[in-house]
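**Student:** First residue of the sequence shown: 1, per full-length UniProt numbering; consecutive thereafter.
C-beta atoms are modelled at their ideal positions from N, C-alpha and C, and glycine is treated no differently.
The model shown is predicted, which means the values in this text are computed figures rather than measured ones.
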Amino acid sequence: MTTVEEKAKMETNTNQLMEFLEEVSGLSAAQKKRVYKTLVDFGITHPLAFKNRTVKELTRIDGISENVAEKIVEHANPSKKGELLFKSLAEVKKEEDSNIMISTGSKRLDELLGGGISLGTLVEFYGSPQSGKTQLCYTIAANTLLEIGGVLWLDTEGSFRSSRLEQILFYLEEKKKDKIDEKQKEKINSQFNVATVRTLAQLELALQQAEKVITAYDVKLLVVDSLMDIFRAEYGGLGELAERQKHLNVVVHKMMKLADAYNIAVVYTNQVMANPDPFATALDKVQPVGGFVLGHASDIRIWLRRATSATKKKYDAPNARRAMITDCGWLPMEETIFSIGAFGICDVEEESEMKEEISEEK
Ligand SMILES: Nc1ncnc2c1ncn2[C@@H]1O[C@H](COP(=O)(O)OP(=O)(O)O)[C@@H](O)[C@H]1O
Ligand SMILES: [Mg+2]
Numbered sequence: 001m002t003t004v005e006e007k008a009k010m011e012t013n014t015n016q017l018m019e020f021l022e023e024v025s026g027l028s029a030a031q032k033k034r035v036y037k038t039l040v041d042f043g044i045t046h047p048l049a050f051k052n053r054t055v056k057e058l059t060r061i062d063g064i065s066e067n068v069a070e071k072i073v074e075h076a077n078p079s080k081k082g083e084l085l086f087k088s089l090a091e092v093k094k095e096e097d098s099n100i101m102i103s104t105g106s107k108r109l110d111e112l113l114g115g116g117i118s119l120g121t122l123v124e125f126y127g128s129p130q131s132g133k134t135q136l137c138y139t140i141a142a143n144t145l146l147e148i149g150g151v152l153w154l155d156t157e158g159s160f161r162s163s164r165l166e167q168i169l170f171y172l173e174e175k176k177k178d179k180i181d182e183k184q185k186e187k188i189n190s191q192f193n194v195a196t197v198r199t200l201a202q203l204e205l206a207l208q209q210a211e212k213v214i215t216a217y218d219v220k221l222l223v224v225d226s227l228m229d230i231f232r233a234e235y236g237g238l239g240e241l242a243e244r245q246k247h248l249n250v251v252v253h254k255m256m257k258l259a260d261a262y263n264i265a266v267v268y269t270n271q272v273m274a275n276p277d278p279f280a281t282a283l284d285k286v287q288p289v290g291g292f293v294l295g296h297a298s299d300i301r302i303w304l305r306r307a308t309s310a311t312k313k314k315y316d317a318p319n320a321r322r323a324m325i326t327d328c329g330w331l332p333m334e335e336t337i338f339s340i341g342a343f344g345i346c347d348v349e350e351e352s353e354m355k356e357e358i359s360e361e362k
């Protein structure tokens, strides 16, 4: 249900779209009205949606002609506004430094990632069942809601539980210095939106609808838990592999564009398969599914697995896990440890500490 305040937010968005269209030259008033309605119906409610969109993509929207698409794309083009595409090293550095990071819940894991999950990047967590993928998503989502902005969650496995997110939110709130008031709580509730997707068509529809919600709810994180599940379900045998990869390419490009246009972090989980190569090294014995297409799309790939019994014993952390960066263009292939508790992802030392705290409360 949309509240009045949320509806007003949507309207502010669409007003900006209207203002943008007003400025597009060469379109009649009637054309603008029609184009506006077509775009809003399609799910485009903010001019940011035109960033990175090609004429070809816009013409795929029913009711948008090539002529109109060309005019919109031209108007959204940075060169039109006199913006230079090139940036100096100092400017890039400044931008990178000012980028907001989302905490995973574990200081060690944040450090491994160079400070946390930065907005605008695509992060893949892969591992066998129970390795902590969904728990990471919950904690990252909770930290985003408490510190940064809205969250969209696409649940393909039916594993999302509101009670679990609330539990983690509750503990993280308790840990925070500045307590959250009722109004902020209400805001958090409205800023979290989940879609259950069971088919690829629904996944694509959800990604399309995401644009409507992103600016209205100030979304900073998109979670897809898990990504490859439905691709594997819908494309069965080896004969369909090429088709599957083509389809996957379309979907990951859509996510890349959302990440870039709206500066949101995209976190998705993935399953693993055994590497059939008999010469595979120990590290390559298990691989994320999705092939090269997904490999190229993910900015950071992180492999999750259970920690060794020595680690669990050392820290009295039976839930300890290992996280290893296996592919990233700017971070080394390094590994760290973290843990999972009632309060979500934490450092290994915290698991037993927090357990005591909770039992004392009870
Ligand atoms: N409420 C909870 N309290 C403590 N630990 C939990 C809780 N819920 C889940 N876990 C831990 O998380 C693990 C499951 O991790 P999960 O992220 O769901 O796995 P997957 O990688 O399959 O998504 C469980 O084995 C358990 O150790
Ligand atoms: Mg899971």
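Grab the span of the beta strand (DSSP E) containing Tyr126 for me, first residue to last.
**Tutor:** Start and end: 122-127.
**Student:** Measuring CA to CA, which of Arg321, Ser103, Glu57, Val224 is closest to Glu157?
**Tutor:** Of Arg321, Ser103, Glu57, Val224, the residue nearest in Cα terms is Val224.
**Student:** Where does the unbroken alpha helix (DSSP H) through Asp225 begin, and where does it stop?
**Tutor:** Per DSSP, Asp225 belongs to no alpha helix (DSSP H); it is in the beta strand (DSSP E), 219-225.
**Student:** When every heavy atom of ligand 1 is checked, does at least one fall within less than 7 Å of the C-beta of Arg164?
**Tutor:** Answer for Arg164: yes, Cβ within range of ligand 1.
**Student:** Residue range of the beta strand (DSSP E) that Glu335 falls in?
**Tutor:** Start and end: 335-341.
**Student:** With distances taken Cα to Cα, identify the nearest neighbour of Ile337 among Lys212, Ala282, Ser25, Ser106.
**Tutor:** For Ile337, the nearest C-alpha among the options comes from Ser106.
**Student:** What residue ranges within the segment 198-254 form continuous beta strand (DSSP E) runs of no fewer than 3 residues, ordered along the chain?
**Tutor:** If we require 3 residues or more, the beta strand (DSSP E) runs fully inside the segment 198-254 come out as 219-225.
**Student:** How would the residue list near ligand 1 read, in chain order, if you kept each one whose beta-carbon is closer than 5 Å to any heavy atom?
**Tutor:** In chain order, the qualifying residues are Pro129, Gln130, Ser131, Gly132, Lys133, Thr134, Gln135, Asn319, Ile340, Ala342.
**Student:** So, using beta-carbon positions, are Leu109 and Ala142 closer together than 8 Å?
**Tutor:** Against a cut-off of 8 Å, the Cβ pair of Ala142 and Leu109 comes out as no contact.
**Student:** Note down, in chain order, each residue of its chain lying with its Cβ closer than 6 Å to the Cβ of Val55, except the 5 sequence neighbours on either side.
**Tutor:** Excluding sequence neighbours, Val55 sits near Ala69, Glu70, Val73.
**Student:** Heavy atom of ligand 2 less than 7 Å from the Cβ of Thr269, yes or no?
**Tutor:** Because some heavy atom of ligand 2 lies under 7 Å away, the Cβ of Thr269 counts as near it: yes.
**Student:** Whole angstroms are fine: how far does the CA of Ser359 sit from the CA of Glu91?
**Tutor:** When rounded, the distance between both Cα atoms is 50 Å.
**Student:** My assumption, with CB atoms under 8 Å, is that Gly120 sits in contact with Asp260. Please give the rounded CB distance.
**Tutor:** Contact flag correct, Cβ pair sits at about 6 Å.
**Student:** Whole angstroms are fine: how far does the CA of Glu95 sit from the CA of Glu350?
**Tutor:** When rounded, the distance between both Cα atoms is 33 Å.
**Student:** For ligand 2, is there a heavy atom less than 7 Å away from the beta-carbon of Ser159?
**Tutor:** Result yes, Cβ under 7 Å from ligand 2.
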